[in-house]
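Engineer: Numbers 2 to 280, taken from this note's numbering, label the letters of the sequence shown in order. Positions of the beta carbon are idealized from the N, C-alpha and C atoms, including for glycine.
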Amino acid sequence: MIDINLIRKTPDVVRENIRKKFQDSKLPLVDEVIELDRKNREAMQQADSLRNQRKVLSKEIGGLMKQGKKDEAEATKAKVNEMAEELARLEQLEEEYAAEIKKRMQVIPQIIDPSVPIGKDDTENVELRRWGEPTHFDYEPQAHWDLGADLGILDPETAAKVTGKRFHFYRGLGCRLERSIIAFFMDTHSAHGYTEIFPPFIANKDSMTGTGQLPKFAEDMYKLEGLDYYLIPTAEVPVTNMYRGDIIDGSKLPMSFCAYSACFRGEAGSAGPDTRGLI
2 MIDINLIRKT PDVVRENIRK KFQDSKLPLV DEVIELDRKN REAMQQADSL
52 RNQRKVLSKE IGGLMKQGKK DEAEATKAKV NEMAEELARL EQLEEEYAAE
102 IKKRMQVIPQ IIDPSVPIGK DDTENVELRR WGEPTHFDYE PQAHWDLGAD
152 LGILDPETAA KVTGKRFHFY RGLGCRLERS IIAFFMDTHS AHGYTEIFPP
202 FIANKDSMTG TGQLPKFAED MYKLEGLDYY LIPTAEVPVT NMYRGDIIDG
252 SKLPMSFCAY SACFRGEAGS AGPDTRGLI
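Pasting the structure below:
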């Protein structure tokens with residue numbers, strides 16, 4: 002989430018950034034945040050003013066009572082009570098404004114680094130460098146999902162019956178290959194000083210929000226019915242959130258972790274390069 006000061010001081014920069022991301026439908030959010038922020042700060046100022054007035058009047062009540070001016074003291078108490086009601090209303094407004102601001106700020110995109118070229122899709126990607134040459138075959142190479150099925154190490158037919166298209170059962174050496182690759186990467190990273198983590202495959206809403214999955218990717222996520230829990234889309238979510246809200250002693254940095262997890266994402270496409278493959 003970007004700093005609200007950026008919207009306060011340079012709203013045009015934020016608007017231009019939204020245009021660069023071809024998300025013009027989000028442009029009205031900038032003006033909405035500016036207006037909500039104005040109302041919120043106005044409510045905060047009024048609340049602060051009331052608190053100061055209450056403090057002064059509360060002191061006066063004690064002095065009036067000592068002077069025997071009971072009627073005046075009671076009248077002042079009544080004013081204080083009225084202020085308390087108004088203060089409660091303003092504080093409620095502050096909470097509502099803050100919630101509405103946060104809801105919009107979470108959708109406004111992060112600022113693009115100036116070095117990033119702007120393009121509507123991957124056809125406008127800029128090639129920076131090449132390394133090596135693509136392998137050329139003297140025959141038609143097969144896709145990995147076809148090879149796996151032919152070798153009997155992947156079983157898409159049974160998985161389609163049990164789950165759906167593009168899922169697979171691993172069989173025999175396919176299972177061993179999967180376990181070996183996971184172990185290879187975990188062992189390699191651990192040998193280079195990373196602490197291995199095996200995280201939970203479920204995370205709460207705060208964790209999903211902390212790493213930016215919510216609200217942006219809500220439609221691609223699996224939420225547990227009736228619970229405020231989500232299946233994780235990657236190990237990054239639980240591992241990053243291990244330190245959410247914590248203040249870390251700088252002498253302990255950097256801290257390096259590696260993790261394996263299943264990844265649950267509802268990204269099934271109906272056309273293009275996403276029609277075949279392995280989920």
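Under 8 Å by Cβ, that's how I've got ARG105 and VAL34 pegged, so tell me the actual separation to the nearest angstrom.
Structural biologist: With a Cβ gap of about 5 Å, ARG105 and VAL34 count as contacting.
Engineer: Give me the Cβ distance between ASP156 and PHE170, rounded to the nearest whole Å; I'm assuming they're in contact under 8 Å.
Structural biologist: Going by Cβ atoms, the distance from ASP156 to PHE170 rounds to 4 Å, so yes, they are a contact pair.
Engineer: Here's the rule I'm using: 16 or more other beta-carbon atoms within 10 Å means buried, otherwise exposed. How should GLY267 be labelled?
Structural biologist: Exposed.
Engineer: What alpha helix (DSSP H) runs, 4 residues minimum, are completely inside the stretch 225-273?
Structural biologist: Listed in chain order, the complete alpha helix (DSSP H) runs (minimum 4 residues) inside the stretch 225-273 are 237-241.
Engineer: Three or more C-beta pairs under 8 Å: does that hold for the stretch 11-29 against the stretch 83-99?
Structural biologist: The stretch 11-29, when compared against the stretch 83-99, does not touch it at the 8 Å Cβ threshold.
Engineer: I think VAL240 touches ILE198, with their Cβ atoms under 8 Å apart; what is that distance to the nearest whole Å?
Structural biologist: Confirmed, about 5 Å.
Engineer: Using beta-carbon positions only, say whether MET222 and TYR231 come within less than 8 Å of one another.
Structural biologist: Yes. Within cutoff.
Engineer: Going by alpha carbons, who is nearest to LEU30 out of ILE5, ASP49 and GLN54?
Structural biologist: Taking only the C-alpha atoms, the option nearest LEU30 is ILE5.
Engineer: Check whether the Cβ atoms of ARG167 and LEU279 sit closer than 8 Å, and answer yes or no.
Structural biologist: Going by C-beta atoms, ARG167 is nearer than 8 Å to LEU279.
Engineer: How long is the line joining the alpha carbons of ALA260 and GLY246, rounded to whole angstroms?
Structural biologist: Rounded to the nearest angstrom, the two C-alpha atoms are 21 Å apart.
Engineer: What residue does the alpha helix (DSSP H) around ALA144 start on, and which one ends it?
Structural biologist: Careful: ALA144 lies outside any alpha helix (DSSP H) and carries neither H nor E.
Engineer: Which residues share a DSSP beta bridge with PHE170?
Structural biologist: Answer is ASP156, bridged to PHE170.
Engineer: Report yes or no: do the stretch 78-85 and the stretch 42-62 share at least 3 C-beta pairs separated by less than 8 Å?
Structural biologist: Result yes; three or more Cβ-Cβ pairs closer than 8 Å.
Engineer: Does VAL238 pass the burial test, meaning 16 or more other C-beta atoms within 10 Å, or should it be called exposed?
Structural biologist: By the 10 Å Cβ count, VAL238 comes out buried.
Engineer: Quick check: the Cα distance between GLN107 and PHE185, rounded to an integer number of angstroms?
Structural biologist: One C-alpha to the other measures close to 38 Å.
Engineer: If I follow the unbroken beta strand (DSSP E) through ASN205, where does it start and stop?
Structural biologist: Unbroken beta strand (DSSP E) run through ASN205: 203-205.
Engineer: Can you pull the DSSP bridge partners for ILE198?
Structural biologist: For ILE198, which the question treats as bridged, DSSP gives the partners ALA260.
Engineer: Quick one, are the C-beta atoms of PRO110 and ILE19 less than 8 Å apart?
Structural biologist: Cβ atoms of PRO110 and ILE19: closer than 8 Å.
Engineer: Which residue or residues does DSSP assign as beta-bridge partners of TYR223?
Structural biologist: According to DSSP, which records beta bridges pairwise, TYR223 is partnered with LEU232.
Engineer: My understanding is that LEU88 touches ALA48, with C-beta atoms under 8 Å, so please give their C-beta distance in whole angstroms.
Structural biologist: That pair is a contact at about 6 Å.
Engineer: DSSP on ASP4, reduced to helix/strand/coil?
Structural biologist: Residue state, collapsed to three classes: coil.
Engineer: Within 10 angstroms of its Cβ, does ILE182 collect 16 or more other Cβ (buried), or is it exposed?
Structural biologist: That one is exposed.
Engineer: What does a CB cutoff of less than 7 Å around LEU28 pick up in its chain, not counting 5 residues either side in sequence?
Structural biologist: Here the set comprises ARG16 and ILE19.
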